[in-house]
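Working notes for the structure below.
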Amino acid sequence: MLSVEGLEARYGGARVLNGVTLDLRRGEVHAVLGRNGMGKTTLVRAVMGLSSPLVTAGEARLGDARLTGLPPHRVARLGVALVPQGRRLFPSLSVTEHLTLLKPAGARTGWTMERVFAAFPRLAERRKHRGGQLSGGERQMLAVGRALMADPTFLLMDEPSEGLAPVMVRALETVVAQLRAEGLGILLVEQNLYSALAVADRVSVLETGRVVHAASAAAVASDPGALTRFLGVH
Ligand SMILES: Nc1ncnc2c1ncn2[C@@H]1O[C@H](COP(=O)(O)OP(=O)(O)O)[C@@H](O)[C@H]1O
Ligand SMILES: [Mg+2]
Numbered sequence: 024m025l026s027v028e029g030l031e032a033r034y035g036g037a038r039v040l041n042g043v044t045l046d047l048r049r050g051e052v053h054a055v056l057g058r059n060g061m062g063k064t065t066l067v068r069a070v071m072g073l074s075s076p077l078v079t080a081g082e083a084r085l086g087d088a089r090l091t092g093l094p095p096h097r098v099a100r101l102g103v104a105l106v107p108q109g110r111r112l113f114p115s116l117s118v119t120e121h122l123t124l125l126k127p128a129g130a131r132t133g134w135t136m137e138r139v140f141a142a143f144p145r146l147a148e149r150r151k152h153r154g155g156q157l158s159g160g161e162r163q164m165l166a167v168g169r170a171l172m173a174d175p176t177f178l179l180m181d182e183p184s185e186g187l188a189p190v191m192v193r194a195l196e197t198v199v200a201q202l203r204a205e206g207l208g209i210l211l212v213e214q215n216l217y218s219a220l221a222v223a224d225r226v227s228v229l230e231t232g233r234v235v236h237a238a239s240a241a242a243v244a245s246d247p248g249a250l251t252r253f254l255g256v257h
């Protein structure tokens with residue numbers, strides 16, 4: 024289990040996470056929802072061990088191993104991968120290069136490039152295309168494929184549906200459901216409430232760096248108002 028306990032983090036003098044507590048099991052999709060600026064990206068960056076934000080209290084753990092304090096490549100080696108917001112691809116590198124050159128040293132071997140291509144046939148067709156030549160949906164698939172090459176057991180996905188056409192959002196939901204079925208635990212950061220609810224088992228709402236509401240997806244389905252109040256949507 025991936026667990027986050029009382030996590031506090033800041034950028035310079037600005038505290039952005041104010042004690043986030045949540046957990047994520049294998050074979051589960053846990054959606055983290057919240058309006059813009061509430062700390063969602065900061066949370067996944069802090070879990071991943073990226074150098075900013077600065078974590079000032081609390082911790083993230085993977086089973087018995089403390090993640091907080093480790094550099095990102097060590098967190099990755101323990102089995103946590105991030106699909107960053109905005110995809111963060113290299114415009115001049117090909118699909119194949121994204122999947123091979125950036126495979127972290129010491130990664131386990133469960134995910135190979137051929138397996139990524141089998142999961143995303145569209146990427147296989149485009150394997151020689153450069154990052155800058157891909158559509159939004161293809162870029163997101165490549166960002167997911169790249170993260171899978173690190174062989175994670177937990178995947179942190181930061182607003183994967185952002186900027187995608189509805190048909191690509193549906194395709195992404197299918198991918199998330201498949202990965203969950205394979206036993207991955209997925210922390211799905213979303214502003215798109217409906218896409219998140221289509222695949223989530225549990226939902227937490229982040230507001231000014233704190234979880235203010237947590238519920239099962241079933242509870243949300245039977246009483247959506249309890250959730251939408253926090254998000255300012257209907
Ligand atoms: N690199 C940074 N330096 C300073 N402040 C930042 C930085 N990144 C984000 N912030 C601030 O931290 C807060 C939370 O941001 P973020 O985690 O990106 O929110 P979300 O992903 O929920 O939209 C916002 O007020 C944002 O302006
Ligand atoms: Mg964000």
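Per our numbering, the sequence shown starts with residue 24, numbered consecutively.
All C-beta atoms, glycine included, are put in the ideal place defined by N, C-alpha and C.
Where residue i falls, given that 16 or more other Cβ within 10 Å makes a residue buried
| i | result |
| --- | --- |
| F177 | buried |
| P114 | exposed |
| G72 | buried |
| Q201 | exposed |
| M24 | exposed |
| L124 | exposed |
| S74 | exposed |
| T65 | buried |
| A263 | Here the chain has residues from 24 to 257 only, and residue 263 is not among them. |
Neighbourhood of residue i by C-beta, 7 Å cutoff - its chain only, sequence neighbours within 5 removed
| i | result |
| --- | --- |
| G81 | E28, G29, L30, E31 and G42 |
| A147 | F140 |
| L122 | M136, V139, G168, R169 and M172 |
Same chain, Cβ closer than 6 Å to residue i, five either side skipped, listed in chain order
| i | result |
| --- | --- |
| V207 | The displayed chain sequence assigns Leu, not Val, to residue 207. Result list for L207: L178, in chain order. |
| G232 | V39, L40, N41 and G62 |
| A83 | V27, V70, L90 and T91 |
| L77 | R33 |
| G155 | P114 |
Residue range of the beta strand (DSSP E) that includes residue i
| i | result |
| --- | --- |
| G29 | L25 to Y34 |
| F177 | F177 to D181 |
| R225 | R225 to E230 |
| T44 | A37 to L47 |
| G208 | G208 to E213 |
| G81 | L77 to L85 |
| R111 | Note, R111: premise wrong, no beta strand (DSSP E); not H, not E. |
Enclosing alpha helix (DSSP H) for residue i [first to last residue]
| i | result |
| --- | --- |
| G155 | Where G155 is concerned, there is no enclosing alpha helix (DSSP H), given that its DSSP letter is neither H nor E. |
| L146 | P144 to E148 |
| E196 | P189 to A204 |
| S218 | L216 to V222 |
| L254 | G248 to L254 |
| S245 | A240 to S245 |
Option nearest residue i by Cα separation, candidates the options
| i | options | result |
| --- | --- | --- |
| S184 | L56, G154 and L85 | L56 |
| R68 | R162, V192, A99 and G36 | A99 |
| Q285 | P76, L202, S227 and R203 | Residue numbering for the chain in the displayed model covers 24 to 257; residue 285 lies beyond these limits and cannot be assessed. |
| L195 | E148, A142 and L85 | A142 |
| F108 | E148, E205, L187 and L229 | With the sequence shown as reference, residue 108 is identified as Gln, and Phe is not the correct amino acid for it. When each option's Cα is compared against that of Q108, the closest is L187. |
| S158 | V78, L250, M191 and D246 | M191 |
| L171 | M136, H152, A204 and D46 | M136 |
| R193 | A204, D181, S218 and L211 | S218 |
| L45 | D246, V234, I209 and R58 | V234 |
Close beta carbons around residue i, own chain, < 8 Å, minus the five adjacent residues each side
| i | result |
| --- | --- |
| P175 | A99, G102, V103, A104 and L207 |
| L216 | L56, L250, T251, L254 and V256 |
| G86 | M24 |
Three-pair Cβ contact test at 8 Å for the segment 91-100 versus the segment 155-168: no
Report yes or no: do three or more beta-carbon pairs, one from the segment 221-228 and one from the segment 39-54, lie closer than 8 Å? yes
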